[in-house]
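Asker:
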Amino acid sequence: MNVENVKSQMRKGMLEYCVMLLLEKKACYSSDIIDELEHANMIVVEGTLYPLLSRLKKEGLLDYEWQESTVGPPRKYYKLTDEGHRVLLLLDENWNVLNRAIDRIKNIK
Amino acid sequence: MKKSFNVNLGGRLFQIDEDAYEQLSDYLTSIRSCFKNNDSGEEIANDIEMRMGELFDTALSGFRDKIVTLVLVNEIIARMGKPESMVDESDEDVAVDNEADKCKGNDESKNKSNEKATINKKLYRDGDNKMLGGVIGGLSAYLAIDVTLLRIIAIVLFFVSVFWGFLFYLIAWAIIPLAVTTADKLRMKGVEPTPENIAENIVREEPAINKIMRNIKEVGNKGASALLTILLCILIAGIFTTPYSINYSGGAVYSSMTLFLPFHLFMWWIAIATIIAIPVVSIIITVSSKWKEVGMLVKILMLVNWILALCKVFMYTRFFLI
Chain L
1 MNVENVKSQM
11 RKGMLEYCVM
21 LLLEKKACYS
31 SDIIDELEHA
41 NMIVVEGTLY
51 PLLSRLKKEG
61 LLDYEWQEST
71 VGPPRKYYKL
81 TDEGHRVLLL
91 LDENWNVLNR
101 AIDRIKNIK
Chain U
1001 MKKSFNVNLG
1011 GRLFQIDEDA
1021 YEQLSDYLTS
1031 IRSCFKNNDS
1041 GEEIANDIEM
1051 RMGELFDTAL
1061 SGFRDKIVTL
1071 VLVNEIIARM
1081 GKPESMVDES
1091 DEDVAVDNEA
1101 DKCKGNDESK
1111 NKSNEKATIN
1121 KKLYRDGDNK
1131 MLGGVIGGLS
1141 AYLAIDVTLL
1151 RIIAIVLFFV
1161 SVFWGFLFYL
1171 IAWAIIPLAV
1181 TTADKLRMKG
1191 VEPTPENIAE
1201 NIVREEPAIN
1211 KIMRNIKEVG
1221 NKGASALLTI
1231 LLCILIAGIF
1241 TTPYSINYSG
1251 GAVYSSMTLF
1261 LPFHLFMWWI
1271 AIATIIAIPV
1281 VSIIITVSSK
1291 WKEVGMLVKI
1301 LMLVNWILAL
1311 CKVFMYTRFF
1321 LI
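If you read the sequences in order, they're chains L and U. Residue 17 in my numbering sits at position 17 of the first sequence; the count goes up by one each step and never skips. Add 1000 to the 1-based position in the second sequence for my numbering, that's all there is to it.
Structure below.
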């Protein structure tokens, strides 16, 4: 079994959910999202985030607006759409189910 | 000395070295080619470009001149990741599957590019596979001959004529360009530097900092033994020319000495340098506790060299004093 491969698959599956969680409370600049994900050890290479954001936007789960920045060029601030919030609730539920399932399986004597 | 340009990267202005520029532009091109079937591919590529600009800016914030070097570019590229791994596989567009495949460069097409290789192979010096200047490493990639075999041949040839061997190597070092960017390295191995191939190879390179650390580690080994081997060659050449029998009143020896006096003076200095250098190197190795990494042969060479040098200085000094 290729452990690295499985690990990266697991992480990939969770990445989307994590990004949406980060955007749930406030609008974020993509570099802030990267910082948070790095702190949480959820992202290995940064390049993976941008296609993900683009896809979530295409699916209507999030949107962005341009904001001026004091230190550089204007930035895109991403935030969840109403549809995004709805989907996030479903994902939350699913996460709890998965969590319980893993707990239960781990505790089988 | 390097040429450098001004570039606008995601709305920020940088000065960038030529080799760094080529590497960065290869990388951005391969990202664009990976996302070319995606409707918002251009936007993704621009986002990545912008992020890289931001990272360069942060990395250079302490410096007065914002000069982007190849080392920095490679570091940031390692941080951003391979273009192929960026392609979002769960994207619903059917086209994306193809584009992921294309970026991964399936084995078939890779083999193909390896076969047509020999046509446009170019001679470079191989900086990743070098003992001195990477000339032999580059030749071995060009001729597809094992590098150690070539080195042995080179050493044998070197003994045939120290002067011509040395001169040839120096000239080769000067005129053969070093393979700097990923595209260069692919051309050196005869792989066509298409965006896909570059994408495949670009992140295989170690992050620069690891490379530097590894090189420092290897100095005790490779660098020192290369240096010592050169010293040994010079000294062996010297053994045959040193007048060990000066007191012996043979006029022939004496006249040959005066004839080549500048050479013998030079050899005297080399021997003096050896006498000083070997203990210094030993102390450095001891301080950095790297003796374990130094091979037995090198240790013996160091000892023999030191004793030989001592003998030579003794002999020469006697000669010069006479």
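Even glycine gets a Cβ: it sits at the ideal position worked out from N, Cα and C.
Find the residues of chain L that neighbour U/R1012, judging by a C-beta separation of less than 9 Å, and give them in chain order.
Answerer: The residue you call residue 1012 of chain U lines up with position 12 of the second sequence. What U/R1012 touches in chain L: G72, P73.
Asker: For U/K1066, which residues of its own chain have a beta-carbon under 7 Å away from its beta-carbon, when the five flanking residues on both sides are left out?
Answerer: In the second sequence, counting from the first residue as 1, residue 1066 of chain U sits at position 66. Closer than 7 Å at the Cβ level, and outside the excluded window around U/K1066, lie F1014, Q1015, L1060.
Asker: Relative to the C-alpha of U/V1087, which candidate in U/G1041, U/Y1027, U/E1022, U/W1269 has its C-alpha closest?
Answerer: Indexing the second sequence from 1 puts residue 1087 of chain U at position 87. When each option's Cα is compared against that of U/V1087, the closest is U/G1041.
Asker: State buried or exposed for U/P1279, treating a residue as buried only when at least 16 other CB atoms are found within 10 Å of its CB.
Answerer: Residue 1279 of chain U sits at position 279 when you count from the first residue of the second sequence. Burial call: exposed.
Asker: What in chain L is Cβ-close to U/E1022, meaning under 7 Å?
Answerer: Sequence index remark: in the second sequence, residue 1022 of chain U carries index 22 (1-based). In chain order: nothing, as chain L lies at least about 20 Å away.
Asker: Along the chain, where does the alpha helix (DSSP H) that runs through U/I1136 open and close?
Answerer: As a working note, residue 1136 of chain U is residue 136 in the second sequence. Run containing U/I1136: 1135–1143, per the alpha helix (DSSP H) assignment.
Asker: Would you mind sorting U/T1317 into buried or exposed? The rule is 16 or more other CB atoms within 10 Å of its CB.
Answerer: Here residue 1317 of chain U refers to the residue found at position 317 of the second sequence. Exposed, by the Cβ-count rule.
Asker: Using a Cβ cut-off of 8 Å, which residues of the segment 1019–1048 of chain U contact any Cβ in chain L, in chain order?
Answerer: From the segment 1019–1048 of chain U, only I1031, F1035, N1038, D1039, S1040, E1043, I1044, D1047, I1048 have a Cβ closer than 8 Å to chain L.
Asker: Looking at C-alpha atoms only, which residue of L/M14, L/Y29, L/S8 is the closest neighbour of L/S69?
Answerer: For the purposes of this step, residue 69 of chain L is identified with residue 69 of the first sequence, where counting begins at 1. With distances taken between Cα atoms, L/S69 lies closest to L/Y29.
Asker: For U/I1272 and U/D1017, I'd like the C-alpha separation in whole angstroms.
Answerer: Your numbering for residue 1272 of chain U matches position 272 in the second sequence. Your numbering for residue 1017 of chain U matches position 17 in the second sequence. Cα to Cα, U/I1272 sits roughly 41 Å from U/D1017.
Asker: Just to confirm my understanding: we take U/L1150, look at its own chain, exclude 5 residues before and 5 after, and list those with CB closer than 7 Å. What are they?
Answerer: Within the second sequence, the letter at position 150 stands for residue 1150 of chain U. Same-chain partners within the cutoff: I1136, L1139, S1140.
Asker: With a Cβ-Cβ cutoff of 8 Å, do U/G1081 and L/E46 count as a contact?
Answerer: On the second sequence, position 81 is the one that residue 1081 of chain U refers to. On the first sequence, position 46 is the one that residue 46 of chain L refers to. Cβ distance < 8 Å, so U/G1081 and L/E46 count as in contact.
Asker: Quick one: grab the DSSP three-state call for L/E93.
Answerer: For the purposes of this step, residue 93 of chain L is taken as residue 93 along the first sequence, with counting starting at 1. In the structure shown, L/E93 sits in a helix (DSSP, three-state: H, G or I).
Asker: Can you tell which of U/A1020, U/L1009, U/G1011 has the C-alpha that lies nearest to the C-alpha of U/K1002?
Answerer: Numbered from 1 along the second sequence, position 2 holds the residue referred to as residue 1002 of chain U. Ranking the options by Cα distance to U/K1002, first place goes to U/A1020.
Asker: Taking the alpha carbon of U/S1085 as the reference point, which residue from L/M1, L/N2, L/Q9 has its own alpha carbon closest?
Answerer: Indexing the second sequence from 1 puts residue 1085 of chain U at position 85. It is L/Q9 whose Cα lies nearest to the Cα of U/S1085.
Asker: Please list the partners that U/R1064 has in chain L, where partner means a Cβ-to-Cβ separation under 9 Å.
Answerer: Counted from its first residue, the second sequence places residue 1064 of chain U at position 64. What U/R1064 touches in chain L: nothing, since even the nearest Cβ is about 18 Å away.
Asker: Please list the partners that L/V45 has in chain U, where partner means a Cβ-to-Cβ separation under 9 Å.
Answerer: Translated into positions along the first sequence, residue 45 of chain L becomes position 45. Near L/V45 (Cβ distances below 9 Å), the residues of chain U are A1078, R1079, M1080, G1081, K1082, S1085, M1086, V1203.
Asker: Skipping 5 residues on each side, what residues in its chain have a beta carbon closer than 8 Å to that of L/A40?
Answerer: Here residue 40 of chain L is taken as the residue at index 40 of the first sequence, counted from 1. Hits under 8 Å: C18.
Asker: Counting only Cβ pairs nearer than 8 Å, list the residues of chain L close to U/E1054.
Answerer: For this step, residue 1054 of chain U is matched to residue 54 along the second sequence. In chain order: S31, G72.
Asker: Count the other CB atoms within 10 Å of the CB of U/L1055; is the residue buried (16 or more) or exposed (fewer)?
Answerer: The residue labelled residue 1055 of chain U in the question sits at position 55 within the second sequence. The residue in question, U/L1055, is buried, as its Cβ has 16 or more Cβ neighbours within 10 Å.
Asker: Contact criterion: CB-CB distance below 8 Å. Does L/T48 meet it with respect to chain U?
Answerer: Along the first sequence, read from residue 1 onward, the residue named residue 48 of chain L stands at position 48. L/T48 counts as touching chain U.
Asker: Let me check you understand the geometry: is the CB of U/V1287 closer than 7 Å to at least one non-hydrogen atom of the ligand PLP?
Answerer: The ligand PLP is not part of the structure shown, which contains no ligands of any sort.
Asker: Would you call U/I1285 buried or exposed, if buried means 16 or more other Cβ atoms sit within 10 Å of its Cβ?
Answerer: Translated into the one-based positions of the second sequence, residue 1285 of chain U becomes position 285. With 16 or more other Cβ atoms within 10 Å, it is buried.
Asker: Does DSSP put L/R75 in a helix, a strand or coil?
Answerer: Your numbering for residue 75 of chain L matches position 75 in the first sequence. Of the three classes helix, strand and coil, the one that applies to L/R75 here is strand, per DSSP.
Asker: Where do the N-terminal and C-terminal ends of the alpha helix (DSSP H) with U/N1074 fall, by residue?
Answerer: The count along the second sequence starts at 1 and reaches residue 1074 of chain U at position 74. Segment 1070–1080, the alpha helix (DSSP H) holding U/N1074.
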